[in-house]
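Residues are numbered in the working numbering as their position in the sequence shown, beginning at 1, plus a constant of 9.
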Amino acid sequence: MTLARIALKGLALRIVFLGPPGAGKGTQAAMLTDELGYQHLSTGDMIRDEMARGTELGQFAKTFYDKGNLVPDETVIDMIKFRLADIEDVILDGFPRTVVQAATLDDELSKIGVSLDRVIFFRVDVEELVERLEKRREIEGRVDDEPEAIRRRMDVYNRETAPVVDYYRDNDRVTEIDALGTIEGVRERLTEAIA
Ligand code: ADP
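Next up, the structure:
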């Protein structure tokens with residue numbers, strides 16, 4: 010089934026994108042949500058927005074974010090929880106990022122009698138990732154794309170987020186895609202994985 014037909018049939022889709030920093034999750038999520046009219050829920054974007062507005066949550070999150078560390082689970086869960094009650098047709102990007110967050114998401118969804126439709130894992134190679142993140146720093150100037158913060162985020166990914174992939178694998182819920190190469194190439198493989 011093509012994406013257009015998925016949209017036409019009005020199928021509810023709750024999709025999680027998993028993968029290391031710089032794997033292209035945000036880029037692909039933005040393209041897909043534009044095309045399908047789905048919601049794109051990115052906890053990274055939500056945190057950057059809180060920081061830009063200088064809210065209490067933003068100021069607290071900044072002390073972790075700038076160093077490339079994860080913002081504590083309770084903070085992120087508080088921030089996103091109220092959005093989960095109404096989550097049809099949504100792509101979750103950057104959440105869950107720890108096993109605690111993944112278990113909380115399962116609990117919240119089961120309360121409203123739904124479950125995830127797809128968990129897409131973006132498989133990439135670390136060398137290419139570091140290059141991509143360095144390029145992004147030149148273009149977007151994100152503080153957490155500084156070399157030291159990049160290294161930190163990779164460590165944090167391996168320690169905290171890689172186990173989330175295993176958490177979903179245990180239940181056979183993961184579809185893996187090759188996220189190397191061009192944006193268009195990844196998009197095609199992603200479309201196939203979702204349809
Ligand atoms: P990337 O995938 O390139 O790391 P994101 O925008 O998803 O970019 O995340 C940037 C930063 O935001 C993370 O390093 C972390 O500090 C914070 N963050 C985003 N999502 C979460 C989350 N679910 N739990 C904890 N921290 C998060």
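Note that beta-carbon positions come from the ideal geometry of N, C-alpha and C, so glycine has one too. These numbers come from a predicted model, not from an experiment.
* To do: With a 10 Å radius around its C-beta and 16 neighbouring C-beta atoms as the bar for buried, classify residue 105 as buried or exposed.
  => buried
* Specify the secondary structure class of residue 17 as computed by DSSP and reduced to three states. => Confidence at residue 17 is low in this model, with a pLDDT of 48, below 50, so its placement is unreliable and no value can be given for it.
* **Of the listed residues 124, 148 and 166, nearest to residue 135 (C-alpha basis)** => 166
* **CA nearest to the CA of residue 187, picked from 129, 44, 109 and 56** => 129
* Alpha carbon to alpha carbon, what distance is there between residue 204 and residue 48? -> 18 Å
* So is the beta-carbon of residue 131 under 6 Å away from any non-hydrogen atom of ligand 1? -> no
* **Reference residue 46, options 78, 67, 55 and 22, closest by Cα** => 22
* Asked: If you count every other CB in all the chains shown that lies within 10 Å of the CB of residue 171, and 16 or more means buried, which is it?
  -> exposed
* Residues near residue 80 in its chain [Cβ-Cβ closer than 7 Å; skip 5 each side] -> Listed in chain order, the non-local C-beta contacts of residue 80 below 7 Å within the same chain comprise 56, 70, 73 and 74, local neighbours out to five positions each way being set aside.
* Asked: Are residue 64 and residue 82 close, meaning C-beta to C-beta below 7 Å?
  -> It is not a contact, given that the beta carbons lie outside the stated cut-off.
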